[in-house]
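So the sequence shown is residues 110 to 369, counted in the working numbering.
Backbone N, C-alpha and C define an ideal beta-carbon position, used for all residues, glycine too.
Reading through the structure tokens given below for one structure.
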Amino acid sequence: MAGLHCSVSQVKCYLRCPRQYDLKYVRGVKPAFVPVALAFGTAIHAALASHYHAIQAASPRSFEELVTVFRDAWSNAASGPVPLQVEDDADCDVVDRGVAMLRAFHAQAPAAHVEVEDVERAFSVELHDPVSGEVIEERLVGAFDLVVREAGRAVVIEHKTAARKWTADQLRYDFQVTAYRFAARLLGLGDVGLRLQILTKTKLPAVHVEDIERDDHAEDDFLRTVMGVLRAIDAGAFYPVRGWQCKGCQVAHACVGGGP
Ligand code: SF4
């Protein structure tokens with residue numbers, strides 16, 4: 110895997126389309142655009158990070174301050190070197206939607222009694238083959254959006270923006286939180302709680318707080334998935350998977366045989 114490190118988003122990219130993985134991470138093809146949803150999610154994340162940083166500093170932010178952080182981050186994303194993917198949404202609709210989502214978040218998010226331990230904590234931990242136990246060269250890298258402490262226990266929280274509430278299957282099988290459980294243990298945080306805070310882009314935005322359970326079997330599954338992907342990459346298995354993902358593919362212009 111590129112750079113002897115491996116992130117959850119790289120593994121998910123490979124599972125979505127191995128050719129997309131090859132173009133993005135092996136050949137380094139420049140993206141033709143930034144998906145609006147990605148830039149939007151980044152801007153919302155920036156606002157939430159600022160919210161929790163301020164709580165940590167015992168100086169909670171007002172709703173208006175959060176909106177300012179969001180608008181600035183969105184404006185940076187929209188004026189970057191790579192153009193945003195053209196969508197039906199007009200720019201002001203995207204901003205309006207973000208403001209409405211932040212209003213829902215600010216109204217619901219606890220502030221005073223949250224014990225914030227870390228915001229956007231980057232990590233790099235060793236990976237091992239779950240069958241042989243052998244530690245491999247590639248390391249798992251990522252970042253926890255937020256770590257809080259509740260009743261003496263660390264809780265790792267991931268923020269998501271989504272079109273709608275996650276389904277039971279999404280909550281049950283998403284392996285990003287499993288990866289976080291694995292990483293948190295190696296970092297010495299113990300048996301952490303896992304939580305998603307999902308901000309929906311629905312007409313009436315809402316914040317869905319989901320506490321997630323993962324166990325050792327889920328971690329074993331996650332490691333087997335990672336090992337399978339790494340072996341396939343080593344073997345050069347970069348076949349195309351054409352489908353819904355082609356429409357938003359940032360490297361479709363370099364996909365031999367045509368894009369979507
Ligand atoms: S255009 Fe489709 S098949 Fe080609 S790399 Fe992108 S997602 Fe894969």
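I'd like to confirm something about residue i: is its beta-carbon nearer than 7 angstroms to some heavy atom of the ligand SF4, or not?
| i | result |
| --- | --- |
| C122 | no |
| Q119 | no |
| I349 | The question names Ile, but residue 349 in the sequence shown is Pro. Flag set: Cβ of P349 near the ligand SF4. |
| Q279 | no |
| L295 | no |
| A361 | yes |
| R128 | yes |
| L132 | yes |
| Q194 | no |
| Q354 | yes |
| C115 | no |
Under the rule that 16 or more other beta-carbon atoms within 10 Å means buried, what is residue i, buried or exposed?
| i | result |
| --- | --- |
| R333 | exposed |
| D118 | The identity of residue 118 in the sequence shown is Ser, whereas the question assumes Asp. Classification of S118: exposed, given that the 10 Å Cβ count is below 16. |
| L339 | buried |
| K133 | buried |
| T276 | exposed |
| A166 | exposed |
| P369 | The predicted position of P369 is uncertain, since its pLDDT is 44 and thus under 50; no value can be drawn from it. |
| L313 | exposed |
| V264 | buried |
| A272 | exposed |
| L236 | buried |
| D131 | buried |
| V145 | buried |
Have a look at the options and flag the residue whose alpha-carbon is nearest the alpha-carbon of residue i.
| i | options | result |
| --- | --- | --- |
| E173 | V365, V145 and L211 | L211 |
| V234 | G357, C364, H114 and V360 | H114 |
| A182 | I321, P169 and A158 | A158 |
| F331 | V145, Y289, Q359 and E246 | Y289 |
| R230 | V250, H237 and R170 | V250 |
| V225 | R258, H237, A216 and I245 | R258 |
| A315 | G337, L124, H237 and A216 | A216 |
| V228 | R180, V318, A163 and R351 | A163 |
| L296 | R248, Q279, L280 and P140 | R248 |
| H326 | Y123, H160, V240 and V350 | V240 |
So residue i and residue j are in contact, right, with Cβ under 8 angstroms, and what is the actual spacing, rounded?
| i | j | result |
| --- | --- | --- |
| V370 | V208 | Because the chain in this structure spans residues 110 to 369, residue 370 falls outside the shown range and cannot be described. |
| Q194 | C358 | Not confirmed; about 10 angstroms, so no contact. |
| R206 | K310 | 6 angstroms |
| P127 | Y348 | 5 angstroms |
| F142 | V178 | So it is not a contact: roughly 24 angstroms between Cβ atoms. |
I want to see whether chain B comes within less than 8 angstroms of residue i, judged by CB atoms only; does it?
| i | result |
| --- | --- |
| A146 | No chain B is part of this structure, which consists of one protein chain only. |
Inset, instruction - Pair every Cβ in the stretch 297-314 with every Cβ in the stretch 334-354, then say whether three or more of these pairs are closer than 8 angstroms. - result: no
Inset, instruction - Tell me, please, whether the stretch 249-269 touches the stretch 150-165 by the rule of three or more beta-carbon pairs shorter than 8 angstroms. - result: yes
Inset, instruction - Count the C-beta pairs between the stretch 186-197 and the stretch 254-261 that are closer than 8 angstroms, then say yes if the count reaches three, no if not. - result: no
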